[in-house]
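Taking it in order: structure first as structure tokens, then the write-up.
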Amino acid sequence: MCGIVGYIGNKEAYPILMNGLKRLEYRGYDSAGIALLNGQPLLYKKKGKVNDLENYISDSIISGQLGIGHTRWATHGEPNDVNAHPHTSEHGKFIIIHNGIIENYARIKEKLEIRGVTFKSATDTEVLANLIEYIYIKGQVTAEIAVRLALSKVEGAYGLVILCVDEPDRLIAARKGSPLVVGVGDEEYFIASDATPIVEHTKSVIYLNDDDVAIIKKDELVLKTVKNDKQTPIVHQLDLDVGEIDKSGYDHFMLKEIFEQPKSILDTFRGRVAPDLSGLNLGGLFNVIPQMVKAKRIIIVACGTSWHAGLLGEYLMEDMARIPVEVEYASEFRYRNPIINMDDIVIAISQSGETADTLAAIRLAKEKGALVLGICNVVGSSIPRETDAGVYTHAGPEIGVASTKAFTTQVTVLAMMAMVMGHKRGYLSDKKYLGLIKELTEIPGKIEKILVKSDACKELATLYQRATNFLYLGRGYFFPVALEGALKLKEISYIHAEGYPAAEMKHGPIALIDQNMPVVVIATKDKSYDKIVSNIQEVKARNGVVIAIVTEGDSVIRKLADHVFEVPESNIAFEGLLTVVPLQLLSYYIAVMRGCNVDQPRNLAKSVTVE
Ligand code: F6R
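Position 284, counted from 1, in the sequence shown is what my numbering calls 284; the numbers after and before it change by one each time, with no gaps.
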């Protein structure tokens, strides 16, 4: 949520900041702002997208070699020019950008108001700016000390970058709960909430840890904690290319990411599937496999699309490894005093690795002594750093706000985990295990075959773009796919959609069905095929419109449904990876036809770092 970028060095900061904001806009897009120090501070901020800010600044002469920029996803205060970041303290000494929430801001604000401080905005960030300034002026201390003292008084989460007009040779950055990455250049430093604005300048980065404060001059970075303990910065090398964060000719990142799925899954396999398909090697879990094999229970925690992947993980692991699995929304799990035993394994799934609720669930599980594993996409993000072991999906950067390749690569990892555990626990014979490996490795090629038919999804989208409600039905492995299809549609096209287990339809949702209700049914051939055929008949009997995702060559459903989209046959356990693709495409084309902003849907942000 919210994107942060900063620069200090010998170059003009403005183009670096503006370009950085464009890269970060997927994190939040209700307002944006930039501040530079060049003798006097220069500050521009505007409600709306980064382009609105750029147009607003266009005629101004804006120069300086030190600056900060922010793109906002509102938490406190409506999106408008005043609430946009950067925020300036009352006497103009401090200019700050902030990602996160200061939970005790109201109490601090009250105390500052009693002391005569006045506020312009409704944000928690301005409260922090004024607290820092108050300590700075009253205490006659340096900016760094004022920042550290102020941070020792705040509760909540922050990723912060701060300018002090009296100390124009430095940026001060601080992190607690909201990620910050520092790019190390030649006599220059970059700072950002993720590596996407940094990678085109340098691949050497320092990830700040919680409670870190960095004092950054163009030729020096000093790292300490809020309590003033010196820290040694560790420089990592980014494994990310600029090409990966471009649209590469596609109209939208989401479309690019849908089409990237065969490659992303191959990247997930890389180094893990033996070239002769004789086994799987999940290196990141090497030390914990014995514990996993003996686990009495697995609890999967995640949010949104990652939660849907987790549900598929439950089916895969129970089916193949015969271990009981529970799948929990991280936000519910963390607050409901869950029973977690020492021999439970908790698996956290997250594309961004920064989702606040998932992080909190991990911390709770660790406190209770469980082994905690992560399945994450963003290398170096918080979740992989806080889990005991884990597997990266290696899907590459996912910029479109609606998750697509993250889902399929998460499911791929979960399938590999289930297969490894099932084999080691003796539930999968060598023959079955090898057969499954072969079938899993065929999935990317089968997705290619589906993508070639994307025009068929476009035609469906033309027909149903004006629908106001959609129902998605699936049984077994396809129930999570139905949920995911419905989520994709509602988040980017704003059409109301619900996913249901097909058999549950007659317990309520069937009342909704009429000739205006498209019902998407995932109905590939498996053991409950006959049942799903009956469900389709039930919909047709009520004049519902059926769009069925079926196995290639299906002739029965073809006669019943209004439309069919065929997917290649595979092992049922892996068909979720295939059937979700036409649903992603359908949502994408409907959203485009409705004129929605596919990559930046309203009210959403890519990584949800607030509760
Ligand atoms: C939906 C979507 C969200 C995320 C959710 C969890 O398309 O993107 O529902 O899946 O916010 O995010 P991560 O996986 O980053 O923890």
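Glycine included, each C-beta is placed from N, C-alpha and C at the ideal position.
- Query: In this structure, does DSSP put Tyr-29 in helix, strand or coil?
  - Reply: The sequence position of residue 29 within the sequence shown is 29, counting from 1. In the structure shown, Tyr-29 sits in coil (DSSP, three-state: anything other than H, G, I, E or B).
- Task: Under 7 Å Cβ to Cβ from Ile-572, same chain only, skipping five residues before and after it: list those, please.
- Result: As a first step, residue 572 is located in the sequence shown; it is residue number 572 there, counting from the start. Annotation for Ile-572: Tyr-477, Asp-526 place their beta carbon closer than 7 Å to its own, counting only its chain and skipping 5 residues before and after.
- Kindly indicate which residue of Ala-461, Glu-504, Arg-466, Ala-467 has the alpha-carbon position closest to the one of Ala-482. Here residue 482 corresponds to residue number 482 of the sequence shown, with the count starting at 1. The option with the nearest alpha carbon to Ala-482 is Glu-504.
- Task: Give the secondary structure of Asp-81 by DSSP, where H, G and I count as helix, E and B as strand, and everything else as coil.
- Result: Residue 81 sits at position 81 when you count from the first residue of the sequence shown. Taken through DSSP and simplified to helix, strand or coil, Asp-81 comes out as coil.
- Query: Cβ of Ala-482 within 7 Å of any heavy atom in the ligand F6R?
  - Reply: Within the sequence shown, numbered from 1, the residue matching residue 482 stands at position 482. Flag unset: Cβ of Ala-482 not near the ligand F6R.
- Item | Residue from Phe-470, Tyr-136, Ala-348 whose Cα sits closest to the Cα of Ile-590 | Counted from its first residue, the sequence shown places residue 590 at position 590. Checked all of Phe-470, Tyr-136, Ala-348; the closest Cα to Ile-590 is Phe-470.
- Query: Whose C-alpha, out of Glu-611, Tyr-14, Ile-57, Arg-23, is nearest the C-alpha of Leu-36?
  - Reply: In the sequence shown, counting from the first residue as 1, residue 36 sits at position 36. The shortest Cα separation from Leu-36 among Glu-611, Tyr-14, Ile-57, Arg-23 belongs to Tyr-14.
- Can you tell which of Val-5, Val-226, Ser-352, Val-82 has its C-alpha closest to the C-alpha of Lys-153? The residue you call residue 153 lines up with position 153 of the sequence shown. Of Val-5, Val-226, Ser-352, Val-82, the residue nearest in Cα terms is Val-226.
- Query: Count the other CB atoms within 10 Å of the CB of Leu-312; is the residue buried (16 or more) or exposed (fewer)?
  - Reply: Residue mapping note: residue 312 aligns to position 312 of the sequence shown, counting from 1. Classification for Leu-312: buried.
- Item | Inter-residue spacing [alpha-carbon to alpha-carbon] between Glu-318 and Ile-16 | Counting from 1 along the sequence shown, the entry for residue 318 is found at position 318. Counting from 1 along the sequence shown, the entry for residue 16 is found at position 16. The alpha-carbon atoms of Glu-318 and Ile-16 are separated by roughly 50 Å.
- Item | 8 Å CB neighbourhood of Lys-458 in its chain, flanking five on each side removed | In the sequence shown, residue 458 corresponds to position 458, counting from 1. Within the same chain, Lys-458 has close Cβ partners Leu-585, Tyr-589.
- Going by DSSP, what residues sit across from Phe-470 in a beta bridge? By one-based count along the sequence shown, residue 470 stands at place 470. DSSP output for Phe-470 lists Ala-497 as bridge partner(s).
- So who's on the other strand from Lys-344, going by DSSP bridges? Along the sequence shown, one-based indexing puts residue 344 at 344. Going by the sequence as given, residue 344 is Asp instead of Lys. In the DSSP output, where bridge partners are listed per residue, Asp-344 has Arg-297.
- Message: With a threshold of 7 Å (Cβ to nearest heavy atom), would Leu-585 be considered close to the ligand F6R?
- Response: The residue given as residue 585 occupies position 585 in the sequence shown. Because no heavy atom of the ligand F6R lies under 7 Å away, the Cβ of Leu-585 does not count as near it: no.
- Message: Taking the alpha helix (DSSP H) that Glu-113 belongs to, which residues open and close that run?
- Response: Here residue 113 refers to the residue found at position 113 of the sequence shown. Element bounds for Glu-113: 105-114.
- Could you pull out every residue in the same chain whose Cβ sits closer than 8 Å to the Cβ of Asp-241, ignoring the five residues on either side in sequence? Within the sequence shown, residue 241 is the residue found at index 241, counting from 1. These residues qualify, in order along the chain: Val-199.
- Task: Please indicate yes or no: does the CB of Ser-607 lie closer than 7 Å to some heavy atom of the ligand F6R?
- Result: Translated into the one-based positions of the sequence shown, residue 607 becomes position 607. Checking the Cβ of Ser-607 against the ligand F6R gives yes.
- Span of the beta strand (DSSP E) around Gln-40: Within the sequence shown, numbered from 1, the residue matching residue 40 stands at position 40. Unbroken beta strand (DSSP E) run through Gln-40: 40-47.
- Going by C-alpha distance, which of Met-417, Gln-231, Asp-219, Thr-409 is nearest Met-292? Your numbering for residue 292 matches position 292 in the sequence shown. Of the listed residues, the one whose Cα sits closest to Met-292 is Met-417.
- By a C-beta neighbour count over all protein chains shown, 10 Å radius and 16 as the cutoff for buried, is Gly-243 buried or exposed? Looking up residue 243 in the sequence shown gives position 243. Exposed, since its Cβ has fewer than 16 Cβ neighbours within 10 Å.
- Item | Residues of its chain near Glu-575, where Cβ-Cβ distance is below 6 Å and the 5 sequence neighbours each way are ignored | On the sequence shown, residue 575 is found 575 positions in, with the first residue counted as 1. Counting only residues of its own chain and dropping the five nearest sequence neighbours on each side, Glu-575 has a CB closer than 6 Å to the CB of Thr-524.
- Message: Would Thr-71 and Leu-128 qualify as a contact pair, given that the criterion is a beta-carbon distance under 8 Å?
- Response: Position 71 of the sequence shown, counting from 1, holds the residue named residue 71. Position 128 of the sequence shown, counting from 1, holds the residue named residue 128. Their beta carbons are not under 8 Å apart, which means Thr-71 does not touch Leu-128 by this criterion.
- Pocket of the ligand F6R (residues with CB nearer than 5 Å to any heavy atom), chain order: Cys-303, Gly-304, Thr-305, Ser-306, Ser-350, Gln-351, Ser-352, Thr-355, Ala-402, Ser-403, Val-608
- Query: Out of Gly-183, Ala-157, Ile-298, which has the shortest C-alpha to C-alpha gap to Asp-211?
  - Reply: The sequence position of residue 211 within the sequence shown is 211, counting from 1. The shortest Cα separation from Asp-211 among Gly-183, Ala-157, Ile-298 belongs to Ala-157.
- Report yes or no: do three or more beta-carbon pairs, one from the segment 600-608 and one from the segment 504-520, lie closer than 8 Å? no
- Name, in chain order, the residues that DSSP records as bridge partners for Ser-350. In the sequence shown, residue 350 corresponds to position 350, counting from 1. Per DSSP, Cys-376.
- Can you tell me the Cα-Cα spacing of Leu-163 and Ala-106, whole angstroms? On the sequence shown, residue 163 is found 163 positions in, with the first residue counted as 1. On the sequence shown, residue 106 is found 106 positions in, with the first residue counted as 1. Rounded to whole angstroms, Leu-163 to Ala-106 spans 23 Å at the Cα level.
- In its own chain, which residues sit with a C-beta less than 6 Å from the C-beta of Val-222, not counting the 5 before and 5 after it? In the sequence shown, counting from the first residue as 1, residue 222 sits at position 222. Result list for Val-222: Ile-215, in chain order.
- Task: Give the range of the beta strand (DSSP E) segment to which Asn-99 is assigned.
- Result: Counting from 1 along the sequence shown, the entry for residue 99 is found at position 99. Taken as a continuous stretch (DSSP letters only), the beta strand (DSSP E) holding Asn-99 covers 94-99.
- Message: Just verifying my parser: in three-state terms, what is the DSSP assignment at Pro-601?
- Response: Start at 1 with the first residue of the sequence shown, and residue 601 comes out as number 601. Three-state result, Pro-601: coil.
- Query: Exposed or buried, Thr-232, counting other C-beta atoms within 10 Å across all chains shown (16 or more means buried)?
  - Reply: On the sequence shown, residue 232 is found 232 positions in, with the first residue counted as 1. Exposed.
- Item | Segment limits, beta strand (DSSP E) that includes Val-564 | By 1-based counting over the sequence shown, the position of residue 564 is 564. From DSSP, the beta strand (DSSP E) with Val-564 extends over 563-567.
- Message: Judging by CA-CA distance, which residue of Tyr-136, Glu-484, Thr-409 is the nearest neighbour of Glu-498?
- Response: Sequence index remark: in the sequence shown, residue 498 carries index 498 (1-based). The option with the nearest alpha carbon to Glu-498 is Glu-484.
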